[in-house]
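Here numbering that gives the first Met the number 0 is used: the first residue of the sequence shown is 0, the next is one more, and so on. For glycine and all other residues, C-beta sits at the position ideal for the given N, C-alpha and C. Computed from a predicted structure; not experimentally measured. To start, the structure itself, in structure tokens.
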Amino acid sequence: MRAFDDIVRAGKLLYKGISDTPTWIVSQANTIAALRGWTPFIGLQVEYSLRERTPERDLLPMARAFNIGIDSGYV
């Protein structure tokens, strides 16, 4: 998280997202970022479709709580 924050502050990265990561890791990383004043994740790419709805259980509520955008980048 610190390395990403350094890259964002240097202007080399505008937005920080993450893909295929367990809910607890994303929430822990964003909590640490908030406590230390670092840049949090703002995007999450998950497998989400009419057939694959498991993100509704954990990922979507966590994304809503941390104001993280969701991309269902799978077809």
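Exclusion of the five residues before and after Gly-16 leaves Phe-40, Ile-41, Gly-42, Leu-43 and Gln-44 as the residues of its chain whose Cβ lies within less than 7 Å of its Cβ. Sixteen is the threshold: since fewer than 16 other Cβ atoms of the shown chains lie within 10 Å of the Cβ of Ala-64, the residue is exposed. Taking 8 Å as the cut-off, the Cβ atoms of Thr-30 and Met-61 do not count as close. Under a 10 Å Cβ-count criterion, Leu-34 is classified as exposed, with fewer than 16 other Cβ atoms of the shown protein chains found around its own Cβ. Counted as a single uninterrupted DSSP element, the alpha helix (DSSP H) harbouring Asp-5 occupies residues 1-8.
The beta carbon of Val-25 lies closer than 7 Å to those of Ile-17, Phe-40, Leu-43 and Met-61 in the same chain, with the five residues before and after it left out. Looking only at Glu-46, Ala-28, Thr-38 and Glu-51, the smallest Cα-Cα distance to Leu-12 is reached by Thr-38. Excluding residues up to 5 positions away in sequence, Val-45 and Tyr-47 lie with their Cβ nearer than 6 Å to the Cβ of Pro-54 in the same chain.
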